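One line per chain: the protein sequences are A and B, in this order.
Here my numbering is used: the first residue of the first sequence is 288, the next is one more, and so on.
Here my numbering is used: the first residue of the second sequence is 19, the next is one more, and so on.
Built from N, CA and C at the ideal position, the CB exists for glycine as well.
Keep in mind it's a predicted model, so treat the numbers as computed, not measured.
The structure appears right after this line, and notes come after that.
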Amino acid sequence: MTTAPVMTVDAAVVAELEAIMNEPGSVLTGVSSRANRARVPAPFPLHRWAEHMPAVVVLPRTAEQVSEIIKLANRVKIPVVPRAGGTGLNDGAVPLRGGIMIDVKRMNQIHEIDLADRTVTVGPGINMLKLNEELKKYGVFYPDTPASYPCSLVGGRIACSGWSLLGSRFGHTRDLVVSFEIVLPTGEIIRVGDGGGKKVRKSSTGYHLKQLFMGHQGTLGIVTEATLELVPRPEAEFAAFFAFDDFGNAHRTVYGIVTSGIATLAGTVLFDEKKIEYLRRDDEAFIPMPPWVNSIVATALYGTKPEVREASKLLMDLGRKEGGRYTGDEMAVGDWASRHDRYANPLHGRLKDGTVAPMSWHCEDASLNWTVIPKVREEWTAIADRYIDKYGIFDNWGIYCYTNAAYKPWGDYLAEIDIGIWEEKLDDESWAGWVDFKSEIAKVSLKYGGSITACHGSTRAGDAELVPEEMGGGWDVMLKIKRTLDPNNIMNPGKQMLDQAYES
Amino acid sequence: MTQVTRNENHTPTAFHANIIAMDKDLLDIEDVADDYVHCTQCGACEIRCPNTLFVGDFYQARTETVKVVRAARALMVDKGLDRDGWKLWNRLTKDLKNEPVLGTGNGQPNGQDHVRDWAEGLQIPIGGELIMFVDCEAAFYRTSNTRATAQVLQKAGVEFGLMNEQWCCGGPAAEMGYVEQSRAFAEHNLADWRASGVKRVIAIEPHDYIHFTEDYPAYFGVDFDIEVVQIIELVAELIKNGRLKLERPINKTVTYHDPCRLNKRKGIHEAPRFILNSIPGLIFKDVDHVTQWSYCSGGGGGLPIEKPEITEAISDVRVARAKELDVDMLVSACVWSERPLATAGHKAGIEVADIIELVAESAGIEVGGRRGASDLEAAR
């Protein structure tokens, strides 16, 4: 059985795609259309750009079109790569073997707003900010708010099993998507939920297929419609930032806050010393902090006015209990309000001697328990120092730890170390160095009982080889599922070592 | 743009990535020439890109996507890859000394012989220390805007003149990539101002304001010693200090369109809101200026010349948002936005006006002149 389907898309295939689409400008073969869908904001081997280009790009509007395209791809054994916003921090939407790229941005309609049963049904190409602009007039919102809130799309959120900044209060993507329609790798269109009902949140019928297809990174199909949770718009918001001169105290403060029983707590964010150093150094929007500050705990509450008013008093006590100092209303209001605009992409970093260099941002994420964060932080920082010394193209932009569990703020954390990379300097040697760097970071997460990714996915070299280790006995089950659902290995081939499913 | 086309080729990420791809010999400018037409130079992506993870630079400190687009278009001109519509438009502008805003066919009252037709009967002198620079669209197409502005200034006792030999500001040429032509027009205008002793220039239109405050200083460096006054800020000041009295009520419900070049590129959003709140009788349903970062009329950057169907789609979206607010009128402060918005407004049954036209009405001025597409809706 083939593990590497052919990459060629000939004129006959393009003609068939055009017949399926029947719309001018919806089948793109030009080099600019293909080159601009080869990458995402994750570090990209610029020196090997051409290898990642799709052969053709299709912009469908319906599930039936997606289904027909996939059936065609199966017949001629051409890879299919789905792409939503193309804003992911891993390689889900990056073609590894050319083929047909199905770009779902034109499937951005709101199909139904059901205020009675509290759902909204949308196409996968809609963005959360745009969706919430529409929902606002009904007094409801869809609380899936990652850092990429203004630009990522619902389809990509499902494919990556996204994480939300307000997840500890309202849930993450997998909790907020009630059900969805997906085109399988063989072209059938099915709907998956907890059971069968489109708007049912809890069921005991059958297997829970929704979770199987959540976070599949485009390897098990393409989502063409999703039914999402509607949440009442919170009446009150309260954000507070506390500054510390000791990371241990900040770390303990997080524990105190998340175990306090405050039900309106939407999340906490812990900034480490390297993060503060970086923000001071290179983020002109960062509010100046006194020199003794080396870590910060950020928090936010959402709820009704009486709930938030009372909880805010408790939160202010808890934030200061271990020596934390409230950083003031300016930071509380301003920094929290700009959470989707900040820390996104500073476009420059520093070499070891302090020289400014153009760098792009990479966020290496993991899921870690609270207890192991201090040790992991030490080891990650030491790894970063070594690679910075060796290659001269990296910069350490520090660590954030965000509450990671759904509907409860305790237990585990999305921990990320942000690395600046001078991408234009990448060559085969330094790219290999970067892959090793990633791999070392991921191995630390596994060593401490964590997961190598909380929300970005583990599709790329450096992470991908470790997926079997993390999954353990479950890896064989994954391979069986992959081979059964995608007999010709056409769906996003080459990701996550899933080629092993076809090695007989 | 991408809100309408849903095509990743038209994102700021692509506009930047193309440069690197060209450097790596993966692409040629010819491959991306049509992509670079898909930009209104509104500046939204420079403060917070609504489409990609590209950047969140709301301090406008470091991102210059508009310059990238303009440089790519200049490269297109150099290589003879400029689009036919832009080629014709700029050739006619070079011949006429003004943009052919009334049409590129023969027989339109465009050009130097007609550049002051709009001012008939207003007795505005030529020259002086302070002049009002009249944008081509305002001089030939929506003359109500221009007449309202001149008369509001007269009523407030502002002494001003008109330019001696009023050419196009050169900005549209710069936006479409015709760098030399833009510079030649700028040189003419500056020489003309100097010859008649001009010290201050009132920009009545946001595109001109950008060119005078960004391109002219780039062309002339420290030699550019002309003070540029933005009309909306000036009128707000005249109202604040009592020189302009708005006493005639306008009993309409309106919302305001933040012109991209004022709001996103220059941070001017308070003055127009102050003005609208100063007009008696007016019910002003505001949409905050940050929400409007993702709004646009589609009228900028030469887009309506090359891709009128996209301009139309962008304006339709903008007008639909106004319509949801249940207002009678959408008020703008950019004459270039007013043609596409009024055309979309006519379809949707909503009137479009310029903010200074409303000021004039409330100050009791009979404006006169033509309102372009807005006349259609008013006549309904």
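Inter-residue CB distance, residue i and residue j (contact presumed, cutoff 8 Å)
i	j	result
A/His334	A/Asp714	6 Å
B/Ala204	B/Tyr237	5 Å
A/Gly375	A/Met394	Not quite, the Cβ-Cβ distance comes to about 18 Å (not below 8 Å), so this is no contact.
B/Val247	B/Ala221	7 Å
B/Ala166	B/Ile297	Rounded, the Cβ-Cβ distance is 13 Å, inconsistent with contact.
A/Val368	A/Gly505	6 Å
Alpha-carbon spacing of residue i relative to residue j, whole angstroms
i	j	result
A/Ser439	B/Asp46	29 Å
B/Asn25	B/Thr329	15 Å
A/Val464	A/Ala669	39 Å
B/Cys187	B/Ser333	25 Å
B/Met40	B/Val86	13 Å
B/Asp306	B/Tyr274	9 Å
B/Tyr159	B/Gly179	21 Å
B/Asn116	B/Asp131	10 Å
A/Val731	A/Ser738	10 Å
A/Gly493	A/Trp657	34 Å
B/Phe72	B/Val84	At B/Phe72, the pLDDT of 49 sits below 50, so the modelled position is not reliable; the number obtained from the coordinates is stated separately. Each residue's alpha carbon lies about 14 Å from the other.
B/Leu99	B/Ala51	7 Å
Sequence-distant residues of the same chain with beta carbon closer than 7 Å to residue i, five excluded per side
i	result
A/Arg444	Asp431, Thr460
B/Lys282	Cys60, Gly61, Ala62, Ile65, Trp311
A/Met784	Ala751, Glu752, Val754, Pro755
A/Ala748	Val722
A/Val479	Ser466, Phe467, Ile469, Leu496, Lys497, Phe500
A/Glu305	Val314
B/Met194	Arg91, Trp104, Asn108, Gly320
Contact with chain A by residue i, beta-carbon distance below 8 Å
i	result
B/Gln78	Note on B/Gln78: pLDDT 49, under 50, position unreliable in the model; no value is reported.
B/Leu348	no
B/Ala340	no
B/Ala35	yes
B/Glu324	no
B/Val119	no
B/Asp100	no
B/Ala366	no
B/Val305	no
B/Glu327	no
Residue-level contact to chain B via CB, residue i, 8 Å cutoff
i	result
A/Leu701	no
A/Trp336	yes
A/Ala371	no
A/Met712	Correcting the residue identity first, residue 712 of chain A is Lys in this sequence and not Met. Judged by the 8 Å Cβ criterion, A/Lys712 is not in contact with chain B.
A/Val318	yes
A/Ala322	yes
A/Lys392	yes
Residue i in three-state terms, based on DSSP
i	result
A/Val659	helix
A/Arg596	helix
A/Phe331	coil
B/Gly363	helix
B/Ser312	helix
A/Tyr565	helix
A/His503	coil
A/Tyr687	strand
B/Leu321	helix
B/Ala62	helix
A/Trp667	helix
Cβ-heavy atom distance, residue i to the ligand FMN, below 7 Å
i	result
B/Asp346	Among the components modelled here there is no ligand, and therefore nothing to report on the ligand FMN.
Residues near residue i in its chain [Cβ-Cβ closer than 6 Å; skip 5 each side]
i	result
B/Val357	The sequence given here has Arg at residue 357 of chain B, not Val. Excluding residues within five positions, the ones whose Cβ falls inside 6 Å are Gly390, Ala391.
A/Leu418	Tyr429
A/Ser313	Leu346
A/Lys561	Asn683, Gly685
B/Val119	Cys154, Glu155, Phe158, Tyr159
A/Glu594	Thr551
A/Ala671	Asn683
A/Asp773	Pro472
8 Å Cβ shell around residue i - same chain, five flanking residues per side excluded
i	result
A/Ile660	His538, Leu557, Cys688, Tyr700, Ala702
A/Ser451	Pro430, Asp431, Thr432, Pro433, Phe457, Gly458, His459, Thr460, Leu463
B/Asn182	Ile144, Gly145, Asp210, Ala213, Ser214
Where residue i meets chain D, residues with beta-carbon distance less than 9 Å
i	result
B/Ala331	In summary, chain D is missing from the structure at hand, where the protein chains are A and B.
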